[in-house]
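Below is one structure, written out as structure tokens; comments come after it.
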Amino acid sequence: MKKLQRTSLLIMLSITVCATVLYAVSAAVTGTFQPAAVGKIETAGPKKPPKPPDVAEEKQVKKKTIHSVTISAAGDVTIGTDENFPYMFSFPYEVKKNGYAHFGKHIRGIFDKDDLTIVNLETTLTTAKVKAVKKFRFKGAPDYAQILTLSGMDAVNLANNHTRDYLRQGYEDTIKTLKKYRIAYFGYDNKYIAGINSIPVGLLGYEGWENTQKLRRTIMADIAELRRRGTQVIIVSFHWGVERSHYPNAVQKALGRHAINQGADLVLGHHPHVMQGIEQYRGKYIVYSLGNFMFGGNRNPSDKDTFIFQQTFYVQNGKLSDKKEIRLIPALISSVKERNNYQPLPLEGAEAKRVLSRLKKYTNHLGKFDWSVLK
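Going left to right, the sequence shown walks through residues -19 to -1, 1 to 356 as mature numbering (1 follows the signal peptide of the UniProt record, and there is no 0) numbers them.
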């Protein structure tokens, strides 16, 4: 079980860290994560050159230098509710009725087979009472963090419009809780780097409401910082777009492409609460909206379709390969039709084809897409 048996280090980086420090160790977790390599140098060598390998030996050597990492990404995870919502069929209602393991029952098997699972945590985990002045304020009990681990979720984006619903205390409590339960987090000033299967993977997160020069410079600087630290796969997460729109707006396109231009290897999007298409840009993918996933912010949304995006990255001889391998897993955000029980359900058969057909429609609207890369 990849999530619960890890014994390596998760490395959390903040842009405020002194430039002379390579990695600040945030917490110890269990799993296949390995600390990113930081320049090990071998100085001793053989006294005489070894004999050249024959063809078979050479192929074997090359094969051994190939490493891969499989990333899963899903959308909005709100393990909580607004206190003004009715209790019946709310997220806390389901917790009390079914327990923490209920929510990830159908997805845990998928996430246990990848190397890193990323979601957007769109709530606070706090007991704070003072709320922001806004329409919706989401909060879950700190113990709800166990739902993330029991569902196989490894890393959460905090750069969204709900992690400060209970102001500074709520945000700080959320980070404290994530550390307690050994869940990686990123977004805003928090950078995350982990060595996975000998591949340094970095995560960045932003709110992307406007295409400002300040934000563009921040993205450029953050990606450059991760590259200087030896990160080979960089994933950028954006909270952006228009709610219930199936097509990205100009700001999303500009920021997503800017991130790729600056060196990001994958861009993930969320906030619209519905699926948007995937753009293939300069050989990389921009997933404009993953939609809802485990969403306690609505007891019965009209659109329950969603999907899990998976990509496997390959590094050969220390260089990221151009090989493309993605998988789209259609799902529903609820395992019952009449309401939301916050238990995502992967689909098969006709229902899977229906959701994939919708996703392909939104994707083809963005331009040419090579569907042959699907696993």
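Beta carbons are placed, not taken as given, at the ideal position from N, Cα and C, and that holds for glycine.
Just so we're clear, the structure is a prediction, and the values are computed from it rather than from any experiment.
Enclosing beta strand (DSSP E) for residue i [first to last residue]
i	result
residue 346	Counting along the chain, residue 346 falls outside any beta strand (DSSP E), and DSSP gives it neither H nor E.
residue 314	Careful: residue 314 lies outside any beta strand (DSSP E) and carries neither H nor E.
residue 137	136 to 138
residue 289	286 to 297
Of the residues the options, the one placed nearest residue i, counting alpha carbons only
i	options	result
residue 107	227, 86, 155 and 117	155
residue 81	293, 123, 116 and 284	123
residue 132	227, 93, 50 and 233	93
residue 247	253, 316 and 237	237
residue 261	351, 105, 216 and 212	351
residue 306	300, 160, 242 and 291	291
residue 147	196, 104, 355 and 284	104
residue 319	149, 234 and 282	282
residue 56	314, 166 and 198	314
residue 110	68, 263 and 149	149
residue 137	342, 168, 112 and 117	168
residue 317	302, 278, 117 and 70	70
Element boundaries [alpha helix (DSSP H), containing residue i]
i	result
residue 121	Counting along the chain, residue 121 falls outside any alpha helix (DSSP H), though it belongs to the beta strand (DSSP E) covering 119 to 121.
residue 181	First-last for residue 181: 180 to 189, but that is the beta strand (DSSP E), not the alpha helix (DSSP H).
residue 155	148 to 161
residue 194	194 to 209
residue 215	Segment 214 to 221 is the beta strand (DSSP E) holding residue 215; no alpha helix (DSSP H) there.
residue 174	Unbroken run through residue 174 is the beta strand (DSSP E), 171 to 177; no alpha helix (DSSP H).
residue 130	126 to 131
Beta carbon of residue i nearer than 8 Å to that of residue j
i	j	result
residue 152	residue 158	no
residue 254	residue 101	no
residue 188	residue 141	yes
residue 211	residue 120	no
residue 250	residue 268	yes
residue 99	residue 52	yes
residue 258	residue 344	yes
residue 293	residue 325	no
residue 91	residue 310	yes
residue 204	residue 243	yes
residue 58	residue 275	yes
residue 359	residue 47	Past the edges of the chain, shown from -19 to 356, lies residue 359, and the structure says nothing about it.
residue 206	residue 252	no
Quiz prompt | beta strand (DSSP E) runs wholly inside the stretch 234 to 281, at least 3 long, in chain order | solution = 247 to 251, 259 to 262, 265 to 268 and 273 to 276
Quiz item: Which runs of the alpha helix (DSSP H), 4 residues or longer, sit entirely within the stretch 79 to 115?
Solution: 89 to 92
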